[in-house]
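For the sequence shown, the residue numbers in our numbering are 74 to 1280.
All C-beta atoms in this analysis are idealised placements derived from N, C-alpha and C, irrespective of residue type, glycine included.
Accompanying notes for the structure given below.
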Amino acid sequence: MQLSKKEIQLFNKLVIDRKESAKVLEKTSMEGVKYSVTEKYSEQAHFIYELIQNADDVKAENIGFDIKKDGLIFRHNGKKKFTVSDPDKEKEDGKNNELGHINSITSIGQSTKKDDTAKIGKFGVGFKAVFQYTDIPEIYEDKFKFKIVRFIVPELLEKDRFERKPNQTLFYFPFKGNESEKEKAYNEIFAKISNLQYPLLFISNLKSIEWKTQEGKNGIYKKKIIKPQKINNTLIEKITLDNHNNIGKELFGEKNKIHLLKISRVLENGLSYSIAYRTNGKNKILSDIEIPTFCFFPTTEINKLKFIIHAPFLLIDNRQGIKRNDDWNTELITKISTLAADSLEICKQYDLVNDDFFYAVPHIESDFDNTVNYFYKPVYLEILKRLKEIEIFPTKEKDKYLTAKNGYMSGTKDLINLLSSQQLANLLSNQNVAWILPSFAGIRRRNNNLGYYLLNEIGIKDINAPEIVNLLSKQFIEKQSEKWLHSFYEYAIEIPATYSTLKRKPCLIAENGEAYSLLDENGNKQIFLPYPESKQRNNNSEDIQTTQTNLDTIQEKTTTDDFLFIKNEFLKNSTTKKFFSAFRLTQPDTKAYIEHKIIPEYNKEELDTNLLLEHFKVFYNYFYKECPQREQFDFIEKIKQLSFILVTRSTDNKGLRSKPTDVYYPTKELKLYFEDYSEGIYWLRENSYKKIFNEFGKENIREFLKEIGVNFEPKQILFTPYSKYEYLWGENYTSIDYVKDYNIEGLENLIQNISFQKSKIIWNFLLNSNYEFNAEVRYFYYTSRKKWLTAKFLKKLQTEKWLYDNENNLVCPDEIKKEQLHEEYETSTYDSKNLITRLNFYIETIKEPTPINQDEAKKYKKVYEKFKDFTDEDIRELERLRKRREKRKKKKENTENDIDEATKKAEETSKKVFIPTYENIEELKTDLLEIKNSNNISDISNVIDGVVKFIDDELKDKIELASEVFTKVERDRIEYESKYNSITGIQEFGAELAHIILTSVSKISRNAQFLKNKLPNPKLNDIFKSHSYEIHEQMLSLEKVVKFMLDVNKKENYEELELKTLIESLFKYDYNDILEKHNIFPMVEMIDAFELFYNRKAIEDVIENLITNSIKATSYNENNKKIKCKGYIDEDKYIIQFSDNGCGIEAGKEESIFDIYYTTTENIGGSGVGLFIVKNRLEAINGTIKLIKNEFKPTGATFEIVIPINK
């Protein structure tokens, strides 16, 4: 096909124009322009994409590349051919979209497609990338055949290329440079063409790309669209991309097919934006690789998304990066976000939403928080929002999906296999719920990002064995088949950590067909294995052993109506029997006999004496021979409530029965103590117990009587006074929580009828008892506080005459010294020394210290006499100040200035505060007494100022000295003010610790004294063990307290602490391994930073104790252990909320948990010191801690710490 005359004329004119432009480009000053245009692509051979793009623009369907050693041939079957236009009208033609193709390809920045938005490439700057590899590109088609020289100058060619076929457009790019450079070009272009990334996915017309090399390697890219579907403005296409080649996999990878679901929408300008999911060709989304953002072809943008996004973004010049701050691109990413969220429902329609689908969902928020990827965060947020709203989560049932609100994930696969969705719905009393994402069971324990996203960001609830066990109900269990119950028991064998809860759930079926819990509401077994059919005991190791003798005795004394027995059918399954064994399900034993046969008898008004004695023997034998040590306390507390002790009432000698705690053992001492007591005393009826004394030994029975609460000393009576306010006289308080005070029964009567023998009796009782000598007051003033005062009975003992001196005179304790006490009183033991101190015996006043410097003392005699509390150190301080003043006087320079400055400072300071004036020492003493317990620093300061003024008035000639004293006081006052809160906290803390330590030491002393007096005695071995155990436990508790005291008293170094960083560091570094070991997935959400000037160790103590407490509390959970720490600023305070889903806090114990030694985790190492430490550490900085509504219902606990910011 020949060129027309006009085309030749325009072409020649274009040559002349381009030659003129070439001269400019070839100037030295223009060298950079040519280089920047040619080398703008950082990626090698990127011009290949430009050629593909231009072929698609001219509506080509097939293109091909022939890679030869000396050059590259590119051909396509595009329907639009090359044109030429007048170079003088290029600006106008460009605007009108009439610019010739040859004009464009020989220009820099000119394009035939400036206003043709359906075309994505441009013969302009992009095409110039070919000059990386060639100096003279050649173009051949039916009409125009030309080459480009000097970068932009076209020249017509006479001959066609033999490789070109009719209607084909062919480009030939001869490689420039020497052989080595040509070899490099060959390899780079081959590498690019053989590894194109989804080249056909987002272009409109091309269907295939073929390529071959001179060495015989070849390949083809093909695109196949399967069943496209258009719904409203959304086009959905299932696409298969083929990449067939004969390259060995050792070089560039194996042949493959890529399956995609592409979802697109059209913009107003006609261009499309899309997302595409890679699939396995069936029903699984692939998310194993990250793919860059596409603008028809891949850019260099790594977006952290697991699906492909494409849009006609505005790119930077190298067409490899997106302009981030451009409004057009921002609008596009918003549209892509909406499309991505809408695609979730589309994927569900195409059966692609299964558990694996969610790995393709962007689920790590931090991926989009950095500067590079923040541009794509709207995609993350929009998908997250949609996932919270729609039914998208697959269930165990096919083709059924639920919302996050109604879906539950299982803590383990075993649990989801055990419970159907219907059973789960029944347990939760919500027919809308079901199991979702079944293959993700236990994802919390895997501690991965997707698990955190599903559970914490979307808010799906996960449920584990402890929570399921907690939901079990009588109605639910009774509806289940025996087959399912066997499966449940088999599952329960693997979750022993839930047994403490499960034992109180109705999970066992009795012979009557009803469901019962192993333990009743009082913690007693209520259902049992049936008796053996014969007297021969079945010794199968799967059974819990009960001695044959006891079993026979119990069976003889009871009927089958006395107990509930497990249904026989459940004993035929060996696995179920293993569960019963592990569950401690037994045949009725002595404990069961007591609970179900004996205790109910006490609902009757009359009981036979012999029966009461028989019960006593059963109790005694069970306590010492069968009762596990961990249950002894509960057993004793239980029988203390039974009136099974035979007594005689002192007022009328009537025989009755009574509770042990109301009974006195008739010792000679107690008989004398109560001889004049008019109230009725219940004396144990010794004669009735003679046989028991003979059978078991009187001493053993006496010890048992002490254990069950029979009194061998006058009872201490706890009472709450009618008026509480007198206990806080002189204290500041907002409210009073409680007052505990103590009396001793019969003490007042004893003192009124005192004798020397009675005096010795009460003395010995006080020495050997475990009486509480302090009244306790809990009150509130800014924070919860405690105060200990002298108990009421001790006040009476301190102020009444009941002791005898060595001259047999009746005296009050404060009237005599210890040495004057009658010699028959025990005074040499540790307990007696404590008692003497408590009773406030007379102590001789220590003489006033002799002043060190008598001459100076005379000068200050008037002041000294009025201030008796002055010590030697005070005198030394005054002496040092005086000498310093004399030294200053010796200096001629600055002497007057120093005095004037000191005087001026005193006068200025005195103007700042109100200084009281004292006429005499009594007025001063009155003020001092009023501020003795004051918390107001300014009050204290004012009185100190008044003291200084008083000294000034008395010693007018010592004004300079007084000024220096005042300055020192002011300096100290500022220091004391900063430490005041910590000091008062330590005082209360020290008092409480002293009280606790004294209690423990008293218990240890009492038990040790018993062992000392009674050892050895084989008959008392069981009792010895009990006392030794208590000593051991008390010593362990003391050790923990002492260690803590030592830690508290270390020198505290204050520093600026940033709480957010400190807490995150503790979780990330200090406790990471420990938490992983316990399978705990912590959630640390320190939202706001907060700086605190305090001791680092103190704050670490607070968080570490909360962490360790939570680890212990969650140890009851089989899995799904949760710990969460959240920190944020709320107006003028910093809030830390610390939660776990552990064993929780018993109702009514919310305040007690902060008392020392209180613990809910004693059996796994909890000592009860942790929360006590936390509370005291926080109170030292005016902080508080309290229990709030639990975040992880139904189990666990949430503590809220409040630290005032303005303190």
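#### Entry: Close-in-space but distant-in-sequence residues of the same chain around Asn-837 (CB under 8 Å, 5 per side omitted)
Glu-742, Glu-899
### Query
CB-CB under 6 Å to Ile-536, same chain, minus the five flanking residues each way: which ones, in chain order?
Tyr-481
### Integer Cβ distance of Ala-1289 from Gly-532, believed to fall under 8 Å
This structure gives no information on residue 1289, because the portion of the chain shown stretches from 74 to 1280.
### Query
Under three-state DSSP, which class holds Glu-1177?
helix
### Query
By how many angstroms is the C-alpha of Met-1159 removed from the C-alpha of Leu-778?
57 Å
### Message
Alpha carbons only, please: which of Lys-168, Asn-169, Ile-178, Met-103 is nearest the one belonging to Asn-127?
### Response
Ile-178
### Task
Could you please give the first and the last residue of the uninterrupted beta strand (DSSP E) stretch that includes Cys-1198?
1194–1203
### Query
Ends of the beta strand (DSSP E) at Lys-311?
307–318
### Message
Using 7 Å as the threshold, is the C-beta distance between Pro-1155 and Leu-1148 below it?
### Response
yes
### Task
List the endpoints of the continuous beta strand (DSSP E) containing Thr-663.
That residue, Thr-663, is in no beta strand (DSSP E); its alpha helix (DSSP H) goes 663–666.
### Query
Between Tyr-564 and the rest of its own chain, which residues show a CB-CB distance below 7 Å, the 5 nearest in sequence each way excluded?
Asp-487, Leu-491
### Query
Are Ala-507 and Val-452 touching if we call contact CB-CB under 7 Å?
no
### Message
Is it buried or exposed, Ile-1261, if we count other Cβ atoms within 10 angstroms and call 16 or more buried?
### Response
exposed
### Buried versus exposed, by CB contacts within 10 Å (16 or more), Asn-479
buried
### Task
Count the other C-beta atoms from every protein chain shown that fall within 10 angstroms of the C-beta of Val-110, then say buried if there are 16 or more, exposed otherwise.
buried
### Query
Could you give the distance in angstroms between the alpha-carbon of Lys-698 and the alpha-carbon of Asn-726?
35 Å
### Message
With a threshold of 7 Å on Cβ separation, who are the neighbours of Leu-745 within its own chain once the five nearest residues in sequence on each side are excluded?
### Response
Gln-830, Lys-831, Ile-834
### Query
How big is the Cα-Cα spacing for Tyr-1201 and Ser-267?
55 Å
### Message
I'd like to check one pair, Asn-402 with Lys-408: are the Cβ atoms closer than 7 Å?
### Response
no
### Task
Can you say whether Gly-194 is buried or exposed, counting buried as having 16 or more other CB atoms within 10 angstroms of its CB?
The predicted position of Gly-194 is uncertain, since its pLDDT is 40 and thus under 50; a value taken from the coordinates is nonetheless stated next. Answer is buried; the Cβ neighbour count reaches 16.
### Task
Whole angstroms is fine: what's the gap from Glu-171's alpha carbon to Leu-229's?
22 Å
### Message
In the DSSP assignment, the alpha helix (DSSP H) including Gly-167 goes from what residue to what residue?
### Response
163–168
### Query
Would you call Gly-137 buried or exposed, if buried means 16 or more other Cβ atoms sit within 10 Å of its Cβ?
buried
### Length at least 4, wholly inside the stretch 794–873: the alpha helix (DSSP H) runs in chain order
820–825, 829–841, 865–872
#### Entry: Secondary structure of Gly-524, DSSP reduced to three states
helix
### Task
In the DSSP assignment, find the alpha helix (DSSP H) that holds Ser-654 and state where it starts and stops.
647–655
### Neighbour-count burial assignment, Glu-642, 16 or more Cβ in a 10 Å radius
exposed
### Query
What are the boundary residues of the alpha helix (DSSP H) that Tyr-903 is part of?
903–911
### Task
Helix, strand or coil for Trp-557, going by three-state DSSP, please let me know.
helix
### Query
Per DSSP, Thr-721 is paired with what?
Gly-728, Trp-756
### Task
May I ask you to list the residues that DSSP assigns as paired with Thr-207?
Phe-248
### Query
Is Lys-79 helix, strand or coil by DSSP?
helix
### Task
Would you give the residue range spanned by the alpha helix (DSSP H) that Val-452 belongs to?
450–460
#### Entry: Pairwise C-alpha distance: Phe-380 and Glu-438
16 Å
### Query
Which residues in the same chain as Leu-83 place their Cβ atom closer than 7 Å to its Cβ, once the five residues preceding and following it in sequence are excluded?
Val-157, Ser-158, Asp-159
### Query
Relative to the alpha-carbon of Ala-384, which residue among Gly-173, Ser-345, Ile-419, Lys-142 has its alpha-carbon at the smallest distance?
Ser-345
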